[in-house]
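K.L.:
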Amino acid sequence: MEAKEEALSKESPWAGEFIKFGVFMANLVEANSAEEVQAVIESAALPVGSSALRKNSVLSVNVTSYLGASMAFEKNMPFNVTAPIGVDVATGFGRGGSLALNVSPLDVGAIVDYRLSENQMEIESVITLGNIFSPGFHLVYGGPFQVPLSIGGGVQYGPGLTNVSAEGIEVNNAPGWSINAFLAVDMPLFNFYNRQRAKL
Numbered sequence: 010m011e012a013k014e015e016a017l018s019k020e021s022p023w024a025g026e027f028i029k030f031g032v033f034m035a036n037l038v039e040a041n042s043a044e045e046v047q048a049v050i051e052s053a054a055l056p057v058g059s060s061a062l063r064k065n066s067v068l069s070v071n072v073t074s075y076l077g078a079s080m081a082f083e084k085n086m087p088f089n090v091t092a093p094i095g096v097d098v099a100t101g102f103g104r105g106g107s108l109a110l111n112v113s114p115l116d117v118g119a120i121v122d123y124r125l126s127e128n129q130m131e132i133e134s135v136i137t138l139g140n141i142f143s144p145g146f147h148l149v150y151g152g153p154f155q156v157p158l159s160i161g162g163g164v165q166y167g168p169g170l171t172n173v174s175a176e177g178i179e180v181n182n183a184p185g186w187s188i189n190a191f192l193a194v195d196m197p198l199f200n201f202y203n204r205q206r207a208k209l
């Protein structure tokens, strides 16, 4: 399988990345715990500093995960941990940062929040893909220079999974669309297309 992936990658970079992305999604669907979801994301992450790639690109298409704090502009929605995973189409401004349109079908923020807590215990409930399905559309500005911080704003549906604890999971049975903003570290997972800016 690895030899076939390598051959396809040499023939077409797109094909190789799509195969890796397919494996990533399959592993994510099969994950049954917070630990397994975290392991899948960590194994797919590109090397540290990869977020600078799109800042030096005229156009790039990537699968990116963000991790940070989000605020929905509703009275009953306080700050939350957000970790959307999706595709972004970006253009870079060199040292001026980057601007991207991000479409994210998933958000594993509640899982990450649990993994960052001090009192971690085995979760009794099984986490399904439906629990982390939380589509969103955001305009994201990537920070200047090599800083891997991004600020974004847009709309998001859900999330379906609102809390993870040792007692189980809390699911929002009546999710809806909301306007939100976030500040997060961006972690590129896959790069489908990249056209570098010409050096002067």
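Going by the working numbering, the first residue of the sequence shown is number 10, and it counts up by one from there. Note that CB positions come from ideal geometry on N, CA and C, so glycine has one too. Remember, it's a predicted structure, so these values are computed and weren't measured experimentally.
Using the beta-carbon count (16 or more within 10 Å), is R104 buried or exposed?
P.N.:
Per the 10 Å Cβ criterion, exposed.
K.L.:
Going by Cα to Cα distance, which pick from W186, N89 and G152 is closest to G99?
P.N.:
According to the sequence provided, residue 99 is Ala. The question's Gly does not apply to it. Closest by alpha carbon: G152.
K.L.:
Note down, in chain order, each residue of its chain lying with its Cβ closer than 6 Å to the Cβ of V96, except the 5 sequence neighbours on either side.
P.N.:
Cβ within range, chain order: V72 and V112.
K.L.:
Please go through the same chain and pick out, in chain order, the residues whose beta-carbon is closer than 7 Å to the beta-carbon of K29, but skip the five residues on each side of it.
P.N.:
Within the same chain, K29 has close Cβ partners F199.
K.L.:
For E51 and F191, I'd like the C-alpha separation in whole angstroms.
P.N.:
The alpha-carbon atoms of E51 and F191 are separated by roughly 21 Å.
K.L.:
According to DSSP, is R104 helix, strand or coil?
P.N.:
Helix at R104.
K.L.:
First and last residue of the beta strand (DSSP E) that includes P144?
P.N.:
Residues F142 to G151.
K.L.:
If I follow the unbroken beta strand (DSSP E) through A54, where does it start and stop?
P.N.:
A54 -> no beta strand (DSSP E), and no H or E assigned at all.
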